[in-house]
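A.B. asks: Residue numbers (this note's numbering), protein chains in the order written: chain A, -5 to 111; chain S, 13 to 130. Idealized CB from N, CA, C, for every residue including glycine. Okay, handing you the structure first.
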């Protein structure tokens, strides 16, 4: 069974500061993928960043980077120079591979990030 | 990029009625689609996996007869909440994987449907 844990229900950060959102996972599969999604109040799920279990380098996408520590089974999201528009729910998720190769995601509990001006 | 269209965005219905939610992949074929449910301030919980041309696979605890899933074509999956009750009020969101060297890394989500049962 897979498990994703986000231990921070809420985070408050000053604008322009960097913020780290924690995510730990548990799996016995050697091949897996880790995702971060942003969900604003509108409800849509916005893909932010992806890290494959065999990727040698930490993933980066603009202001987003993923601090992947495989031995510790953690995949923390780092947002640099936070902006007011970053206020949203953030979900960490793990891909569970199906037989046909389709991806099924298991989500963490989420972290509500609030950026203060 | 790949787009998944979901509608309606919101629906209000009376208790006992059925509600159909559609999820379409607009520029790619999706042999598999996933349906999630999200209660307020909670995470997304997978309800079922929709498979084109075959029966859906339901997660433990999800009633098959209540949440009917039909994946009639490579671009359309529907979720019908039958005899809806207030406890079925929730945010329902679909997603579909896109194939490809890069896009295989992502799931594309619909914009979600907020269901309110009176």
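(1) Does the distance from the C-beta atom of residue 69/A to that of residue 45/A stay below 7 Å?
(2) Out of curiosity, what's the CA-to-CA distance linking residue 20/S and residue 65/A?
(3) In its own chain, which residues sit with a C-beta less than 6 Å from the C-beta of residue 56/S, not counting the 5 before and 5 after it?
(4) Counting pairs of Cβ atoms below 8 Å between the region 97 to 111 of chain A and the region 15 to 27 of chain A, do you hit three or more?
(5) Across which residues does DSSP place residue 20/A in a beta bridge pair?
(6) Tell me which residues of the region 32 to 50 of chain A have at least one Cβ-Cβ distance to chain S shorter than 8 Å, keeping chain order.
(7) What's the gap between the Cα of residue 108/S and the Cα of residue 89/A?
(8) Note down, in chain order, every chain A residue with its Cβ under 8 Å from the Cβ of residue 55/S.
(9) Step through the CB atoms of chain A and report whether any lies within less than 7 Å of the CB of residue 40/S.
(10) Indicate whether the contact test is met: 3 or more Cβ pairs, each with one atom in the region 26 to 40 of chain S and one in the region 22 to 32 of chain A, closer than 8 Å.
(11) Using DSSP's beta-bridge definition, name the partner residues of residue 70/S.
(12) Closer than 7 Å, CB to CB, is residue 76/S near chain A or not?
(13) Please list, in chain order, all residues of the same chain as residue 118/S whose beta carbon is under 7 Å from its beta carbon, the five residues on each side excluded.
(14) Going by the beta-carbon positions, is the gap between residue 94/S and residue 76/S smaller than 7 Å?
C.D. replies: On the basis of the data shown:
(1) yes
(2) 43 Å
(3) 48 and 50
(4) yes
(5) -3/A
(6) 36, 37, 38, 39, 41, 44 and 46
(7) 13 Å
(8) 85, 101, 102, 103 and 104
(9) no
(10) no
(11) 60/S
(12) no
(13) 110
(14) no
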